[in-house]
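K.L.:
Sequential numbering of the sequence shown, starting at 1, is according to UniProt numbering.
Don't be surprised by glycine CBs; every beta carbon is placed ideally from N, CA and C.
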Amino acid sequence: MESKAAALHTKLESALSSVPPEETETVAFLQHLKTRVTVAEKLFQVERHEEETIQIAHCTLMIEVEAMRRTLKGIMALVQKAEERLQREGPRAPYHAEELHFMAMLQRALEGTVNP
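1. Go ahead and pull the three-state DSSP assignment for residue 91.
2. Excluding the 5 residues flanking residue 93 on each side, which residues of the same chain have their C-beta closer than 7 angstroms to its C-beta?
3. Rounding to the nearest angstrom, what Cα-Cα distance links residue 26 and residue 36 in this structure?
4. Please report the distance separating the alpha-carbon of residue 116 from that of residue 70.
5. According to DSSP, is residue 116 part of a helix, a strand, or is it coil?
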């Protein structure tokens with residue numbers, strides 16, 4: 001796009017230099033075309049920056065999703081170990097009440113995110 005815009009600017013400059021200043025309508029039209037080419041260039045640059053921003057946001061979200069998956073996988077493994085220990089040792093297990101309370105809190109938190 002930039003090379004096309006540069007070529008258009010060159011052609012318009014060449015056309016402007018070959019038109020006598022008395023032909024005000026032609027000069028005004030060519031100036032208008034130059035302005036439109038400049039505006040189109042700027043819009044193209046804005047669009048390109050927006051696309052880059054969207055790509056960066058997408059990559060950031062993908063990284064965040066993966067981090068959340070790993071965290072959740074770790075939490076699930078810890079909960080599974082705690083459940084197995086509680087089944088094996090019952091109320092005699094150390095921190096039995098705390099682990100039950102923690103698992104209930106996790107359950108409520110997960111239900112809240114699934115069904116807001």
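P.N.:
On the basis of the data shown:
1. helix
2. 85, 86
3. 15 angstroms
4. Reliability of the predicted coordinates at residue 116 is poor, the pLDDT of 49 falling under 50, and no value is obtained from them.
5. The pLDDT assigned to residue 116 is 49, lower than 50, so where the model puts this residue is not dependable, and the model offers no usable value.
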